[in-house]
Structure formats: structure tokens, C-alpha cells
Amino acid sequence: MTTTTSPARTRSIRPLIAILLVCLAPVAFALLAYYVPALGLRPESRTHYGQLIEPQRPIPGDLALRDEQGRPYDLNQLKGQWLLISSGPGACPESCVRGLFVLRNSHASQGKEVDRLERVWFITDDAPAAPVVDEAYTGTHILRADPARLAAWLAPDATDPAAELARGLWIVDPLGHLMMRFPDAQQPEAVRDDIRTLLKNSRIG
1 MTTTTSPART RSIRPLIAIL LVCLAPVAFA LLAYYVPALG LRPESRTHYG QLIEPQRPIP
61 GDLALRDEQG RPYDLNQLKG QWLLISSGPG ACPESCVRGL FVLRNSHASQ GKEVDRLERV
121 WFITDDAPAA PVVDEAYTGT HILRADPARL AAWLAPDATD PAAELARGLW IVDPLGHLMM
181 RFPDAQQPEA VRDDIRTLLK NSRIG
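Residue numbering for the sequence shown follows the UniProt record's numbering, starting at 1 and increasing by one per position.
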């Protein structure tokens, strides 16, 4: 009795090719995303709204600040805290109110980190402080400042120092260094998020 053996069936290599393609697809996608940004595959990196100040500028000793009672005030006594700063005329027009609103909300939204922050509003003229400030922004340090001296610290390169003081927002670190500037208060969420990032990554204050 003779037995016959059937010829071996040829295996298809298609499954192997499919497995290789599945394994290589993430690598190919990553390479395309990195080396061909025009394809739009690379996730956008987050950019900070605030502008870092380089070199950082310490609190000047000649700001000649005065508190609401007219007494001399040294800003250095707030060292150890992060300072959120805005400024403007005593009448506090809409741009001033918006800046104070952004600082207050940025301050209040920091959760357990809120005690690391202090808010400061510099009045840049001789007008009385607007009642809205005392009513709505309790807890803000209200200090009267000479605008020329203040601009020399906050905005030394500004072509229009008065306008810069009226619309800008600034941050001073706990060591007393002016270290970040926000161009205006038009993006409150971005200001809030930048402050949150600073507090999260900082081990001082």
C-alpha cells in the first residue's frame, strides 16, 4: 500500500506585512509630525502670554510710594510674596477697572496657592481713588506713585510711558524682582494660566 503526500501549501506573507505596517505606522507618523510641520500633524506648543523681563529688575529704593493715608510705603516689605501689579489714574477708567478685575480673578482662581499672592494698584496721579476700587477690590494694596519713577521701573523702554502704565500688568517674584509683563488685560484666561504655571513651578514664596 503506497501513501502519497500532498504538496505543502504555500503560506501567504500578507499577514506578516500587515503586522509590520501596524508596528511601523506610529513611528512613521511621529517622524512626519516632527520633520514635516507643514502637514499640521505636530501638536502646537503652548506659548506664554506674559513676556519675561530680561534682565529682571529689583524693586527700586526711590519709588517714593505713599499709602492711602499719605504715609511713605516701601514695596520691599511685601517681599516673600508674588506681587500682581497694575496701575492707572485715580479715576480708574474702563481699562484700569479691567486690569484690576483680571488681577482679582487671577488671584482668586489660584486655589490653595492664593496666599502666596498679593495685589498692588499704583495710582499715577493726584486724583482720589475711585470708589469702585474700594468696593470691588478689597484686599488690593493701593499705593500712590510718581508716574515717571514708576515708568522707569515698569516700562523703561516704552515710547509712551503713560499708555504703557495704563494698560500693562506685571509680576514681581518673592525675591523682589520684576520678572514678567503682560501687554494688556485682553486675555484674562492666559494671565491666569501663566500665574498658575509660575506658582506650580516655583519653590520660592
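C-beta atoms are modelled at their ideal positions from N, C-alpha and C, and glycine is treated no differently.
Output yes or no for whether 7 Å exceeds the beta carbon distance between residue i and residue j.
i      : j      : result
SER106 : ARG192 : yes
PHE182 : GLY90  : no
ALA163 : SER95  : no
VAL53  : LEU198 : In the sequence under discussion, the amino acid at residue 53 is Ile, which differs from the Val named in the question. In this structure, LEU198 does not lie closer than 7 Å to ILE53 by Cβ.
TYR137 : ARG104 : yes
Can you tell which of the options has its C-alpha closest to the C-alpha of residue i?
i      : options                          : result
ILE59  : GLN51, TYR73, GLN69 and TYR49    : TYR73
GLY168 : GLY99, ARG149, ALA108 and GLU113 : GLY99
ALA148 : VAL120, PRO161 and ALA130        : PRO161
LEU84  : VAL22, LYS200, ILE195 and ILE204 : ILE195
How big is the Cα-Cα spacing for residue i and residue j?
i           : j      : result
PRO93       : ASP126 : 15 Å
residue 214 : GLY88  : Residue coverage of the chain in this structure runs from 1 to 205, which leaves residue 214 outside it and unanswerable.
LEU175      : GLY61  : 14 Å
PRO188      : ALA64  : 30 Å
GLN186      : GLN77  : 30 Å
LEU20       : ARG57  : 57 Å
ARG119      : LEU75  : 12 Å
What are the boundary residues of the beta strand (DSSP E) that includes residue i?
i     : result
PRO55 : 51–58
Assuming residue i is part of the alpha helix (DSSP H), what are its boundary residues?
i      : result
LEU154 : 147–154
Am I right that residue i and residue j are in contact with their C-beta atoms under 8 Å? What's the rounded C-beta distance?
i      : j      : result
ILE171 : TRP82  : 7 Å
ALA158 : THR124 : Incorrect: roughly 13 Å between the Cβ atoms, too far for contact.
ASP173 : ILE204 : 7 Å
Taking 6 Å as the cut-off, is the C-beta of residue i nearer than that to any heavy atom in the ligand NAP?
i      : result
VAL191 : For the ligand NAP, the structure offers nothing, since it holds no ligand at all.
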